[in-house]
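**Student:** The structure is given below, and queries will be raised subsequently.
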Amino acid sequence: MSLTMETSVSFLKYELASTIEQAVRCAVEAVLNETARVVGIKLAAARTAAAESHRENQSLRERLDVSEGELKATRYYMTAAEKNIKQCLLLNHNQPRSGALGPGSEESPFLFPPTASGSPSNMLTTRGPKSFRASSTRSPFSKSVPSVGLCLPTVQHEWPRSSENLRRIRTSSSTVSSINLSRTSKVPQLEVGNSPHHTEEDTEGQFYITDDGVAEKVSASALRVLPQGYWYTVLYSSIVLLLVLLVCLVGAHIFARTSFLILLVVTISLLSIYISPMALTTPLNFLISHQGPGNQTLTYNASYTGFNGTTLRDNLGSSYTVDYSTGKVMSFASVFAVMFTSCTGIMAGANMSGELKNPSAAIPKGTITAVLYTCIVYVLLFILASSTCERTLLVQDYGFFQRINIWPPFVTIGIYCSALSAAMCSLIGASRILHALALDQLFGFPLAPAAITSSSGNPWVAVLYTWGLAQCVVFAGQLNAIAGLVTVFYLLAYAAVDLACLALEWASAPNFRPTFQVFSWHTCLLGILSCLVMMFVINPVYSSASIILLLLLLLFLHYRSPTSSWGYISQALIFHQVRKYLLMLDVRKDHVKFWRPQVLLMVANPRSSCQLINFVNQLKKGGLFVLGHVKLGDLDTLPSDPVQQQYNFWLSLVDKLGVKAFVDLTLSPSVRQGTQHLLRITGLGGMKPNTLVLGFYDSCTPEDYFLQDPAFYESEEAGGDDFGVDLPSLQAHFPPVRHVESPRWLTPEEYVGIISDAIKMSKNVCLGRYFFQLQGESMGTKMDGAERIIDVWPLNLLRPGSTSAASVDVCSLFLLQMACVLNMASRWRHARMRIFLCVEAESSDQGWVVKEETFRELLRKLRIRASIKIVPWDSVVQLYGQKQTQDAELGELGLMRPAPALSEDFLSAVNCLLMEHSAQAAVRFLYLPRPPTHSSQSQQYLSQLEAVTQGLGPTLLIHGLTPVTCTEL
Numbered sequence: 021m022s023l024t025m026e027t028s029v030s031f032l033k034y035e036l037a038s039t040i041e042q043a044v045r046c047a048v049e050a051v052l053n054e055t056a057r058v059v060g061i062k063l064a065a066a067r068t069a070a071a072e073s074h075r076e077n078q079s080l081r082e083r084l085d086v087s088e089g090e091l092k093a094t095r096y097y098m099t100a101a102e103k104n105i106k107q108c109l110l111l112n113h114n115q116p117r118s119g120a121l122g123p124g125s126e127e128s129p130f131l132f133p134p135t136a137s138g139s140p141s142n143m144l145t146t147r148g149p150k151s152f153r154a155s156s157t158r159s160p161f162s163k164s165v166p167s168v169g170l171c172l173p174t175v176q177h178e179w180p181r182s183s184e185n186l187r188r189i190r191t192s193s194s195t196v197s198s199i200n201l202s203r204t205s206k207v208p209q210l211e212v213g214n215s216p217h218h219t220e221e222d223t224e225g226q227f228y229i230t231d232d233g234v235a236e237k238v239s240a241s242a243l244r245v246l247p248q249g250y251w252y253t254v255l256y257s258s259i260v261l262l263l264v265l266l267v268c269l270v271g272a273h274i275f276a277r278t279s280f281l282i283l284l285v286v287t288i289s290l291l292s293i294y295i296s297p298m299a300l301t302t303p304l305n306f307l308i309s310h311q312g313p314g315n316q317t318l319t320y321n322a323s324y325t326g327f328n329g330t331t332l333r334d335n336l337g338s339s340y341t342v343d344y345s346t347g348k349v350m351s352f353a354s355v356f357a358v359m360f361t362s363c364t365g366i367m368a369g370a371n372m373s374g375e376l377k378n379p380s381a382a383i384p385k386g387t388i389t390a391v392l393y394t395c396i397v398y399v400l401l402f403i404l405a406s407s408t409c410e411r412t413l414l415v416q417d418y419g420f421f422q423r424i425n426i427w428p429p430f431v432t433i434g435i436y437c438s439a440l441s442a443a444m445c446s447l448i449g450a451s452r453i454l455h456a457l458a459l460d461q462l463f464g465f466p467l468a469p470a471a472i473t474s475s476s477g478n479p480w481v482a483v484l485y486t487w488g489l490a491q492c493v494v495f496a497g498q499l500n501a502i503a504g505l506v507t508v509f510y511l512l513a514y515a516a517v518d519l520a521c522l523a524l525e526w527a528s529a530p531n532f533r534p535t536f537q538v539f540s541w542h543t544c545l546l547g548i549l550s551c552l553v554m555m556f557v558i559n560p561v562y563s564s565a566s567i568i569l570l571l572l573l574l575l576f577l578h579y580r581s582p583t584s585s586w587g588y589i590s591q592a593l594i595f596h597q598v599r600k601y602l603l604m605l606d607v608r609k610d611h612v613k614f615w616r617p618q619v620l621l622m623v624a625n626p627r628s629s630c631q632l633i634n635f636v637n638q639l640k641k642g643g644l645f646v647l648g649h650v651k652l653g654d655l656d657t658l659p660s661d662p663v664q665q666q667y668n669f670w671l672s673l674v675d676k677l678g679v680k681a682f683v684d685l686t687l688s689p690s691v692r693q694g695t696q697h698l699l700r701i702t703g704l705g706g707m708k709p710n711t712l713v714l715g716f717y718d719s720c721t722p723e724d725y726f727l728q729d730p731a732f733y734e735s736e737e738a739g740g741d742d743f744g745v746d747l748p749s750l751q752a753h754f755p756p757v758r759h760v761e762s763p764r765w766l767t768p769e770e771y772v773g774i775i776s777d778a779i780k781m782s783k784n785v786c787l788g789r790y791f792f793q794l795q796g797e798s799m800g801t802k803m804d805g806a807e808r809i810i811d812v813w814p815l816n817l818l819r820p821g822s823t824s825a826a827s828v829d830v831c832s833l834f835l836l837q838m839a840c841v842l843n844m845a846s847r848w849r850h851a852r853m854r855i856f857l858c859v860e861a862e863s864s865d866q867g868w869v870v871k872e873e874t875f876r877e878l879l880r881k882l883r884i885r886a887s888i889k890i891v892p893w894d895s896v897v898q899l900y901g902q903k904q905t906q907d908a909e910l911g912e913l914g915l916m917r918p919a920p921a922l923s924e925d926f927l928s929a930v931n932c933l934l935m936e937h938s939a940q941a942a943v944r945f946l947y948l949p950r951p952p953t954h955s956s957q958s959q960q961y962l963s964q965l966e967a968v969t970q971g972l973g974p975t976l977l978i979h980g981l982t983p984v985t986c987t988e989l
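Number 248 in the working numbering belongs to position 228 of the sequence shown; there are no gaps in the numbering.
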């Protein structure tokens with residue numbers, strides 16, 4: 021059954037295509053035959069009219085000889101009219117009426133006496149100096165306001181109003197009128213000026229005497245077959261739009277065939293417009309009426325002169341008038357807006373790029389050809405119209421080409437076909453753009469149905485979306501009412517395209533190779549500026565609103581951050597600028613005044629290191645922050661590099677934590693070698709790590725941070741990020757936290773070796789312990805550190821004799837600098853910083869008091885706001901001295917070890933000292949001694965550090981090698 025239905029559908033599609041093709045062929049042949057026939061008839065009629073005009077001119081010359089008697093009769097009637105005027109003025113002197121006019125009025129009434137037959141005179145109320153009413157029998161006193169009209173000969177009034185006779189009237193009456201007026205200089209002349217309008221009540225059923233002859237009123241309503249009005253206009257437009265919808269729903273192939281047929285019909289219509297001035301060489305006069313204010317119909321005199329240099333010169337100026345369709349005064353901006361909507365098909369090819377076989381070749385050729393063709397057509401039409409039609413005809417009748425065409429239906433057909441073509445092009449092009457937006461999920465659920473397509477690939481839902489929007493615009497009623505808004509949006513779209521090309525050109529992307537040879541960034545910039553200037557010239561309010569709307573859409577897309585398969589131009593621009601500035605960032609120009617920490621944090625498992633990652637993010641102070649990880653393995657034994665597949669998971673982790681950090685992963689047989697690789701190769705140019713941060717090597721059981729932060733367990737239904745990493749995949753990628761029985765990946769010797777390697781490479785080293793206890797460092801926490809305390813112990817507590825109370829070295833200054841950097845972070849800016857100085861208060865040498873003042877002066881010069889606490893530690897120093905004495909005795913016996921060991925009592929005393937004074941601190945900064953040179957003492961070194969920091973809470977042990985402070989100006 022399914023196969024039968026598919027066969028039937030295919031057969032129906034084939035029959036439909038064949039029928040349409042046959043109909044198109046028949047229609048084209050019929051149009052061509054009808055055109056040839058009509059042109060032949062018109063040419064024959066023109067020749068006949070010319071011959072008749074010649075004969076009429078001969079007859080007119082003979083009639084001029086007998087016109088003297090008619091002139092005498094005219095003088096008699098004018099004298100009688102003057103007497104009647106005087107009588108009317110005397111009658112109205114005592115009873116003035118609102119309709120009466122004084123002798124100086126422009127609309128002076130004339131009352132004629134009865135005719136020779138004794139019947140009442142034919143009277144006419146004349147509202148304009150050029151119009152005369154046909155005779156109608158009335159009593160001269162039937163109205164309170166006396167009014168009389170000048171009667172034309174009866175033979176002219178009863179002349180059959182065929183098109184041929186009207187043309188005879190226009191030509192013969194023009195000649196007779198000019199000759200008679202020249203002979204009757206003594207006769208009072210009726211004022212014949214450029215009266216702009218008459219009311220319809222006074223002009224219905226009239227002939228009009230004009231400067232160029234006699235013409236009949238052509239009412240707009242006489243040319244209309246269908247009912248008119250706002251809702252009728254909406255109805256007709258909706259029906260046409262529905263027809264366009266049906267064509268677009270069938271598919272692009274029907275649209276292409278229909279467009280070709282429309283092109284042929286429009287071309288024939290244009291040819292008829294170009295040929296008509298050649299065939300119609302006789303001047304024509306028209307009277308055009310429009311609905312004016314107060315339900316008054318305005319009538320205008322307009323002329324077609326044929327090719328005339330005077331007409332062309334008169335039309336060269338602007339002379340903007342009122343637009344009869346909107347009632348507003350036209351301007352350059354409004355004319356440009358209306359004209360620009362006729363040139364908006366330039367993006368049609370790009371909008372339908374998905375339907376083209378070879379878009380890269382078809383779009384440039386088609387676009388340039390269409391622009392040139394349109395430009396030539398419009399220029400020829402401008403020259404033709406301005407050379408043959410008076411300005412009144414041009415501004416008072418936008419369909420004037422119908423009046424001067426050899427067959428007016430040609431123009432009507434062309435207008436409807438071009439409108440249908442533009443509507444279909446816009447509907448199908450906009451639907452493709454909407455379909456692409458839906459496929460890319462840029463605006464989420466509202467546009468999701470637009471991604472649905474038919475079996476042939478036609479996005480019919482997007483077509484319906486677009487049709488609905490177009491139907492809303494139809495309610496505007498007049499094209500000129502929305503032309504400004506439409507033009508502003510088109511100009512903004514073109515400016516956006518120019519901006520995209522400019523960005524690609526400035527980004528120097530290798531794959532951006534435009535085939536248009538004239539293209540350059542200068543043309544892009546010129547296009548952007550031109551579009552923006554014309555937008556504000558047309559309508560500043562619409563322009564500002566459209567730009568604000570565009571910015572809101574950009575902000576929405578930026579914060580929504582949807583996934584894209586086409587790439588981001590912003591990334592290309594950023595890369596271009598970063599590369600340029602990195603080349604300018606010269607490491608030889610570094611100065612201590614502008615030093616900032618650039619940190620490489622080695623992370624074994626993010627589950628137990630997230631608090632430390634957040635803390636170091638606060639410690640970087642705008643510097644480089646890199647998360648490093650070493651994947652154990654040998655690339656020679658693996659089929660592919662496993663590191664590349666892990667980057668997305670680590671970058672998703674960075675997004676979840678909300679830290680500003682880079683990720684650098686490496687593959688190495690050991691963690692120590694991998695760390696060396698990262699210390700050497702991480703960064704670029706002047707942006708390379710100068711500080712290595714490690715977690716502390718101890719036997720503590722770490723906690724799983726993923727089970728504490730809501731970002732890692734409360735958004736299960738939120739789905740993955742924009743790069744295909746969902747929360748379950750992220751959690752499954754990182755292994756569980758290490759248990760006590762779990763084997764370590766790193767030995768104590770290797771850990772201490774990493775510290776030694778970093779110091780040898782002139783990198784500062786920081787060891788962080790107990791940072792899983794630090795609270796308030798997650799992304800959603802809001803705090804300024806008002807309740808926090810930062811404690812700094814700038815002296816080497818494991819070597820009491822190495823430094824004095826005020827004699828600080830580079831490492832001590834680095835430690836102070838790092839504490840100040842943390843105090844400047846947003847979550848620590850209000851924390852109190854305390855500096856502890858350990859002194860031997862019971863010593864006979866009391867020089868530490870002076871050295872304390874020296875240390876305070878140093879803090880003042882360094883602008884470090886901190887309180888100094890003096891801590892006596894005489895008992896601790898005594899324990900350290902006892903141990904040193906024992907080691908000296910062992911040395912005399914030849915049992916000296918490579919380095920002196922510290923007693924457990926001393927280490928316990930130092931720990932108690934720290935617990936006593938820094939128990940309430942949020943974080944502690946301690947001096948990290950240099951590691952031993954022999955690897956055999958690595959375990960001892962770590963044991964000493966563990967004993968000193970046992971139970972302290974979040975502690976950062978720092979060993980600095982970089983000068984970071986400067987007291988010079």
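In this text, a Cβ means the ideal position worked out from N, Cα and C, and glycines have one as well.
Computed from a predicted structure; not experimentally measured.
Going by other Cβ atoms of all chains shown within 10 Å of its Cβ, with 16 needed for buried, is W670 buried or exposed?
**Tutor:** Numbered from 1 along the sequence shown, position 650 holds the residue referred to as residue 670. Burial call: buried.
**Student:** When we look at the beta-carbon of K377 and count the other beta-carbons within 10 Å, is it buried (16 or more) or exposed?
**Tutor:** On the sequence shown, position 357 is the one that residue 377 refers to. Burial call: exposed.
**Student:** Would you mind working out which of N500, L263, S923, P983 sits nearest S963, comparing C-alpha positions?
**Tutor:** Indexing the sequence shown from 1 puts residue 963 at position 943. Nearest option by C-alpha distance: S923.
**Student:** Going along the chain, which residues of its own chain have a beta-carbon closer than 6 Å to the beta-carbon of F360, five neighbours each way excluded?
**Tutor:** Locating residue 360 in the sequence shown gives position 340, counting from the first residue. T507, listed in sequence order.
**Student:** Please tell me whether C409 and F420 are closer than 7 Å, where the distance is taken between their beta carbons.
**Tutor:** Along the sequence shown, one-based indexing puts residue 409 at 389. Along the sequence shown, one-based indexing puts residue 420 at 400. Against a cut-off of 7 Å, the Cβ pair of F420 and C409 comes out as a contact.
**Student:** Can you tell me where the alpha helix (DSSP H) with S258 in it begins and where it stops?
**Tutor:** In the sequence shown, residue 258 corresponds to position 238, counting from 1. Start and end: 250-270.
**Student:** By the three-class DSSP mapping on this structure, what secondary structure does D746 have?
**Tutor:** Counting from 1 along the sequence shown, the entry for residue 746 is found at position 726. DSSP places D746 in coil when its eight states are reduced to three.
**Student:** Taking the alpha helix (DSSP H) that T507 belongs to, which residues open and close that run?
**Tutor:** Taking the first residue of the sequence shown as position 1, residue 507 is located at position 487. Here the alpha helix (DSSP H) through T507 covers 499-527.
**Student:** Taking C-beta to C-beta, are Y320 and T412 nearer than 7 Å?
**Tutor:** Translated into the one-based positions of the sequence shown, residue 320 becomes position 300. Translated into the one-based positions of the sequence shown, residue 412 becomes position 392. Yes. Within cutoff.
**Student:** What's the gap between the Cα of G706 and the Cα of L602?
**Tutor:** What you label residue 706 is simply residue 686 of the sequence shown in a count that begins at 1. What you label residue 602 is simply residue 582 of the sequence shown in a count that begins at 1. G706 and L602: Cα-Cα distance of roughly 7 Å.
**Student:** Judging by CA-CA distance, which residue of T394, S338, I424, P379 is the nearest neighbour of G1070?
**Tutor:** Outside the displayed range of the chain (21 to 989) lies residue 1070, so it cannot be described from this structure.
**Student:** What is the rounded straight-line gap between the Cα of T953 and the Cα of I810?
**Tutor:** As a first step, residue 953 is located in the sequence shown; it is residue number 933 there, counting from the start. As a first step, residue 810 is located in the sequence shown; it is residue number 790 there, counting from the start. In a straight line, the C-alpha of T953 is about 32 Å away from that of I810.
**Student:** Between the Cα of C932 and those of A70, W893, Y961, spot the shortest distance and give me the residue it belongs to.
**Tutor:** Taking the first residue of the sequence shown as position 1, residue 932 is located at position 912. Among A70, W893, Y961, the Cα nearest to that of C932 is on W893.
**Student:** Where do the N-terminal and C-terminal ends of the alpha helix (DSSP H) with H455 fall, by residue?
**Tutor:** Along the sequence shown, one-based indexing puts residue 455 at 435. That run of the alpha helix (DSSP H) goes 429-459.
**Student:** What does a CB cutoff of less than 6 Å around T969 pick up in its chain, not counting 5 residues either side in sequence?
**Tutor:** Mapped onto the sequence shown, residue 969 falls at position 949. Same-chain partners within the cutoff: R789, T975.
**Student:** So, at 6 Å on beta carbons, what are the nonlocal neighbours of G124 in its own chain, with the 5 sequence-adjacent residues on each side left out?
**Tutor:** As a working mapping, residue 124 is identified with position 104 in the sequence shown. Since pLDDT at G124 reaches only 39, below the 50 mark, its modelled position is unreliable, and no value is offered.
**Student:** Which same chain residues end up closer than 6 Å to R852 when comparing Cβ atoms and leaving out the 5 residues on each side of it in sequence?
**Tutor:** Sequence index remark: in the sequence shown, residue 852 carries index 832 (1-based). If we look at R852 and ignore the five residues flanking it on each side, its Cβ neighbours are I809.
**Student:** Please list the segments of the beta strand (DSSP E) lying wholly inside the segment 312-376, counting only runs of 3 or more residues, in order along the chain.
**Tutor:** Qualifying beta strand (DSSP E) stretches, in chain order: 317-324.
**Student:** Which same chain residues, not among the five before or five after I448, have their C-beta less than 6 Å away from its C-beta?
**Tutor:** The count along the sequence shown starts at 1 and reaches residue 448 at position 428. The residues are C268, F275.
**Student:** Whole angstroms are fine: how far does the CA of E770 sit from the CA of N784?
**Tutor:** For the purposes of this step, residue 784 is taken as residue 764 along the sequence shown, with counting starting at 1. For the purposes of this step, residue 770 is taken as residue 750 along the sequence shown, with counting starting at 1. Going from the Cα of N784 to the Cα of E770 covers about 18 Å.
**Student:** Please identify the residue among W848, L440, L572, R700 whose C-alpha is closest to the C-alpha of K640.
**Tutor:** The count along the sequence shown starts at 1 and reaches residue 640 at position 620. Residue W848 is the option with its Cα nearest to K640.
**Student:** Tell me which residue opens and which closes the beta strand (DSSP E) that N990 is part of.
**Tutor:** Not covered by the structure: residue 990. The range shown for the chain is 21 to 989.
**Student:** Less than 8 Å between the CB atoms is what I'm expecting for T711 and L833, so what's the real figure, rounded?
**Tutor:** Reading the sequence shown from its first residue, position 691 is the one you call residue 711. Reading the sequence shown from its first residue, position 813 is the one you call residue 833. About 14 Å separates the two Cβ atoms, so there is no contact after all.
**Student:** What is the C-beta distance between Q248 and S345, in whole angstroms, given that I count them as a contact (C-beta under 8 Å)?
**Tutor:** Position 228 of the sequence shown, counting from 1, holds the residue named residue 248. Position 325 of the sequence shown, counting from 1, holds the residue named residue 345. Incorrect: roughly 13 Å between the Cβ atoms, too far for contact.
**Student:** Tell me which same chain residues have a C-beta within less than 6 Å of the C-beta of I589, skipping the five on either side of it?
**Tutor:** Along the sequence shown, one-based indexing puts residue 589 at 569. These residues qualify, in order along the chain: A523.
**Student:** Which of helix, strand or coil does DSSP assign to W615?
**Tutor:** Residue mapping note: residue 615 aligns to position 595 of the sequence shown, counting from 1. Of the three classes helix, strand and coil, the one that applies to W615 here is coil, per DSSP.
**Student:** For R45, is the classification buried or exposed, using 16 other Cβ atoms within 10 angstroms of its Cβ as the cut-off for buried?
**Tutor:** On the sequence shown, residue 45 is found 25 positions in, with the first residue counted as 1. R45 comes out exposed.
**Student:** I'd like to check one pair, R854 with S895: are the Cβ atoms closer than 7 Å?
**Tutor:** As a working mapping, residue 895 is identified with position 875 in the sequence shown. As a working mapping, residue 854 is identified with position 834 in the sequence shown. Not in contact: S895 and R854 (Cβ atoms no closer than 7 Å).
**Student:** Got a sec, what are the start and stop residues for the alpha helix (DSSP H) I568 sits in?
**Tutor:** Counting from one through the sequence shown, the residue named residue 568 turns up at place 548. Unbroken alpha helix (DSSP H) run through I568: 560-580.
**Student:** Looking at V646 and F682, is the spacing between their C-beta atoms short of 7 Å?
**Tutor:** Counted from its first residue, the sequence shown places residue 682 at position 662. Counted from its first residue, the sequence shown places residue 646 at position 626. The answer is yes: Cβ separation under 7 Å.
**Student:** In terms of residue numbering, what span does the beta strand (DSSP E) encompassing P892 cover?
**Tutor:** As a position in the sequence shown, residue 892 is number 872, starting the count at 1. Unbroken beta strand (DSSP E) run through P892: 887-892.
**Student:** Select from M372, K348, D343 the residue whose C-alpha is nearest the C-alpha of G271.
**Tutor:** Your numbering for residue 271 matches position 251 in the sequence shown. Comparing Cα positions, the closest option is M372.
**Student:** Given this structure, state the Cα-to-Cα distance separating P820 from G694, to the nearest angstrom.
**Tutor:** Taking the sequence shown and counting its residues from 1, the one referred to as residue 820 is at position 800. Taking the sequence shown and counting its residues from 1, the one referred to as residue 694 is at position 674. Whole-angstrom Cα-Cα distance: 35 Å.
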